[in-house]
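Chains as they are written, first to last, in the numbering used here: chain P, -13 to 249; chain S, -12 to 222.
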């Protein structure tokens, strides 16, 4: 198999956006005792692309996300964001460096309003230390929050308690919270998990809309979502990259099908 | 014998099952295939009374059991082997098996008979009867979980991804266990992602996607129909 780093550094983006990888991992390895969850994963993600990471249960997808976002410290290898080594930094530092994520299980502040949920995230980027000023003084933060809510079709719910939103809206609020930190790279962990078919379609549209000026990494089991969004797919299997390429190429890959159907 | 009719299940606000209907006849092995997160385990949990459906009905031997508590379902002959097996790691194999035997109305002689029957079907468990459950291999732990369910003398076992996390060469062992149960006349609702195992062991197969049953066919028909399998389970 071709070295994925080569693909990341040399292949120009089809739509003409920058070819430099915004994210690069080099030999990323994670061991839990005797179990190797990730084994030398090297991949490059171009600026502006939507990249899907797929693979059967236990392939290492969540471990990969947890490394990128500082939840797990890798046993070996490096993670470079915009050329800067962020390996092993704590989650808040990685967030400041520009990686945001949503979780498989909804993670919002249910007792706060929709606007407050987003504002707290936005404020982590501006005036984070202005503790003694009234929040209404930060008009820029509120503007930013409202712009994000607009993108996620949640603006008309800004005064609603997050707990009162539908499940689909709560999942989207979580994406809004991640976006409010103005990330360079947005990691979405199963964004359509537990969604109905119409909600799933709406979320695919929404991710397409916010993908403008953003790089997105997405872990997802729903193949319709994966094929509909991703420009490139990386397939993990037992902690290693099994295949990487455009959706049509991955679908035509006999080895990938075997791994999924366990034949 | 077991009939799930138009069941809708929610976790909080999340609508997980959208009108699922499944039937299992006496002594039949029925497969339930689908990718992660499509509602397979939730279907089993809804049958087992762990989550109450908002709509729909579940019947067992012509009695409605919708929303009945798990202990009552266990008494009338429904056993559930969850995906994570939940064996007692610090108890021995024999102690694990006995947790399913210590119930009213079972004589000591009957208990010995049930143990003997399981040991005959799964000789490894006899060999390891005094060994702590946690020291068994993954496949043996799965065997123990199923054997423990057998102590209840169930009419049906709901089997949730028995091959999950097992090495590929252990899959044959799981197939043998399923065949043993089938020969003994126990019905099985087999939730799986392993296509060859499910098509080989089941008479009929349901395929789920996004909380709905999207396809239902005899296993023999699906063995010759790659397109359907690829659509719902491939990439």
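Ideal Cβ placement from N, Cα and C applies to all residues, glycine included.
Between residue 153/P and chain S, the shortest Cβ-Cβ separation is below 7 Å. A straight-line Cα-Cα distance of about 13 Å links residue 214/P and residue 236/P.
Counting C-beta pairs closer than 8 Å gives three or more between the segment 114 to 124 of chain S and the segment 79 to 93 of chain S, which meets the contact rule. C-alpha of residue 12/S to C-alpha of residue 178/S: approximately 16 Å in a straight line.
Boundaries of the alpha helix (DSSP H) harbouring residue 51/P: 47 to 54, taken from the DSSP string. For the segment 24 to 58 of chain P, the set of positions with a beta-carbon nearer than 9 Å to some beta-carbon of chain S reads 40, 42, 43 and 44 in chain order. Closest in C-alpha terms to residue 156/S, from the list 127/S, 137/S, 1/S and 136/S, comes 127/S. Burial check for residue 154/S: the Cβ neighbour count within 10 Å stays below 16, so the residue is exposed. Taking residue -7/S as reference, the option from 218/S, 204/S and 199/S with the minimal CA-CA separation is 199/S.
If you look at residue 17/P, you'll find it isn't in any alpha helix (DSSP H); it sits in the beta strand (DSSP E) that goes 7 to 18. Rounded to the nearest whole angstrom, the C-alpha separation of residue 193/S and residue 187/S is 14 Å. When C-alpha distances from residue 48/P are compared across 23/P, 66/P and 61/P, the shortest belongs to 23/P. Neighbourhood of residue 243/P in chain S, by CB distance below 8 Å: 217, 221 and 222, in chain order. Using a C-beta cut-off of 8 Å, the segment 63 to 73 of chain P makes no contact with the segment 128 to 140 of chain P, since fewer than three inter-stretch Cβ pairs fall below that distance. Residue contact with chain P for residue 182/S: present (Cβ-Cβ distance below 7 Å to some residue of chain P). In the DSSP secondary-structure assignment, residue 201/P is bridged to 171/P. Residue pairing for residue 47/S: DSSP places it in a beta bridge opposite -11/S and 50/S. Cβ-Cβ distances below 8 Å link residue 83/S to 74, 75, 120, 131 and 135 in the same chain, with the five nearest sequence neighbours on each side left out; the list follows chain order. When DSSP states are grouped into helix, strand and coil, residue 35/S belongs to the coil group. Relative to residue 18/P, the option among 42/P, 54/P, 219/P and 61/P whose CA is nearest is 61/P. Residues of chain S whose Cβ lies closer than 8 Å to the Cβ of residue 211/P do not exist, since the nearest Cβ in that chain is about 11 Å away.
DSSP places residue 24/P inside the beta strand (DSSP E), whose first and last residues are 21 to 32.
Against chain P, the CB of residue 1/S has a partner CB under 7 Å away; the residue lies at that interface.
Checking the DSSP bridge columns, you'll see residue 200/S partnered with 195/S. With fewer than 16 other Cβ atoms from the protein chains shown falling within 10 Å of its own Cβ, residue 94/S counts as exposed. One Cα belongs to residue 107/S, the other to residue 30/S, and the distance between them is close to 32 Å. Going by beta carbons, residue 38/S and residue 32/S fall inside the 7 Å limit.
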